[in-house]
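In what follows, a structure is listed as structure tokens, so that the remarks can point back to it.
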Amino acid sequence: QQPVQSPQAVILREGEDAVINCSSSKALYSVHWYRQKHGEAPVFLMILLKGGEQKGHDKISASFNEKKQQSSLYLTASQLSYSGTYFCGTDLFGNEKLTFGTGTRLTIIP
Amino acid sequence: DTAVSQTPKYLVTQMGNDKSIKCEQNLGHDTMYWYKQDSKKFLKIMFSYNNKELIINETVPNRFSPKSPDKAHLNLHINSLELGDSAVYFCATTGRENYGYTFGSGTRLTVV
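Chains as they are written, first to last, in the numbering used here: chain L, 1 to 110; chain D, 1 to 112.
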């Protein structure tokens, strides 16, 4: 079943912060986060593993609540380059078969 | 050198035709995938191969047939194309455990 992301869309001014949420109805092994710019491929940002391990980029942070099967992506001091659609991808069994979320469109304005 | 390359980038074809999309990766990754992204941006897995062996075969019409001639290549052949097949098809790879997907640039397929 497809994870649900919220909000569906958000508009921010440069320098503002954003939080994007991803909720699953099933227990998760890991959560991935990707950013897709218009007309381009999704780009890997971060992975959060059961047990608390994280791997990803320095300027992006995220959390993973295993009990609630929820993850949140935190974008601080947003830059114009952060614009795009953000997807979470959930892995139930550790086999890296991802089910992607509904997407959150982030627009940063000067 | 592009890490994951797909050809063609754009494909416009008529209903009923047969077409192929090719994917090549130079990352040395073991696992390759095909994903379909529809007009609502929903990304859905179609197939996965690990070292030339089919691992995942989602509920996809059997008009779609993947082939992996070697670890670096994964192709997708589609028979009898239908209007509903119009989408962007992405190839992706994973290598090191738990280090995310690397996507190809996508193939925009339009069936008319």
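Cβ atoms here follow ideal geometry from the backbone N, Cα and C, with glycine treated the same way.
Which ranges would you report for the beta strand (DSSP E) in the region 42–98 of chain D if only whole runs of at least 3 residues count?
DSSP runs (the beta strand (DSSP E)) wholly in the region 42–98 of chain D: 43–50, 53–57, 64–70, 73–78, 87–94.
I'd like the list of long-range same chain contacts for PRO3 (chain L), defined as Cβ closer than 7 Å, with 5 residues on each side in sequence excluded.
Closer than 7 Å at Cβ, skipping near neighbours: CYS22, SER23, SER24, CYS88, THR90, THR99, GLY101.
LYS50 (chain L) versus L:GLY15, L:PHE44, L:GLN70, L:GLY39, residue with shortest Cα-Cα distance:
Among L:GLY15, L:PHE44, L:GLN70, L:GLY39, the Cα nearest to that of LYS50 (chain L) is on L:GLN70.
Beta-bridge partners of LYS22 (chain D), as assigned by DSSP
Answer is D:THR7, D:ASN75, bridged to LYS22 (chain D).
Is it true that the CB of GLY95 (chain D) sits closer than 9 Å to the CB of THR31 (chain D)?
Result yes, Cβ atoms of THR31 (chain D) and GLY95 (chain D) sit closer than 9 Å.
Neighbouring residues, chain L, relative to TYR101 (chain D) (Cβ below 9 Å):
Residues of chain L whose Cβ lies closer than 9 Å to the Cβ of TYR101 (chain D) are, in chain order, HIS32, TYR34, PRO42, PHE44, GLY89, GLU96, LEU98.
Residues of the region 30–45 of chain D whose Cβ lies closer than 9 Å to any Cβ of chain L, in chain order:
Hits within the stretch, in order: THR31, TYR33, TYR35, GLN37, LYS40, LYS41, PHE42, LEU43, LYS44, ILE45.
Checking contacts by CB at 9 Å: is ILE47 (chain L) closer than that to chain D?
Using a Cβ-Cβ cut-off of 9 Å, ILE47 (chain L) counts as an interface residue toward chain D, since at least one Cβ of chain D sits closer than that to its own.
Neighbour list for THR85 (chain L) in chain D, Cβ cutoff strictly below 8 Å
Those are LYS41, listed as they occur along chain D.
Leaving out the 5 sequence neighbours to the left and right, which residues in its chain are closer than 6 Å to GLY94 (chain L) when beta-carbon positions are compared?
Result list for GLY94 (chain L): TYR29, in chain order.
I'd like to know whether the C-beta atoms of ARG63 (chain D) and LEU81 (chain D) end up nearer to each other than 9 Å.
Closer than 9 Å, so yes.
Other residues of its chain near LEU48 (chain L): CB distance less than 7 Å, five sequence neighbours each side excluded:
Cβ within range, chain order: SER30, VAL31, GLN54, ALA62, PHE64, SER71.
Status (buried if at least 16 other CB within 10 Å, exposed otherwise) for THR59 (chain D):
Label assigned to THR59 (chain D): exposed.
Does the count of Cβ pairs from the region 72–89 of chain D and the region 1–16 of chain D closer than 8 Å reach three?
By the criterion of at least three beta-carbon pairs nearer than 8 Å, the region 72–89 of chain D is in contact with the region 1–16 of chain D.
Could you tell me the distance, in whole angstroms, from the CA atom of PRO7 (chain L) to the CA atom of PHE103 (chain D)?
Distance between PRO7 (chain L) and PHE103 (chain D), taken at the CA atoms: about 25 Å.
Look at LYS36 (chain D) and ALA87 (chain D) and say whether their C-beta atoms are less than 9 Å apart.
A contact, by the Cβ cut-off of 9 Å.
Are the beta-carbon atoms of CYS23 (chain D) and SER5 (chain D) separated by less than 9 Å?
Cβ distance < 9 Å, so CYS23 (chain D) and SER5 (chain D) count as in contact.
Cβ-Cβ distance between ILE60 (chain L) and SER83 (chain L) below 9 Å
Not in contact: ILE60 (chain L) and SER83 (chain L) (Cβ atoms no closer than 9 Å).
Within 9 Å, strictly: CB atoms of LEU74 (chain D) and PHE47 (chain D)
Taking 9 Å as the Cβ cut-off, LEU74 (chain D) and PHE47 (chain D) qualify as a contacting pair.
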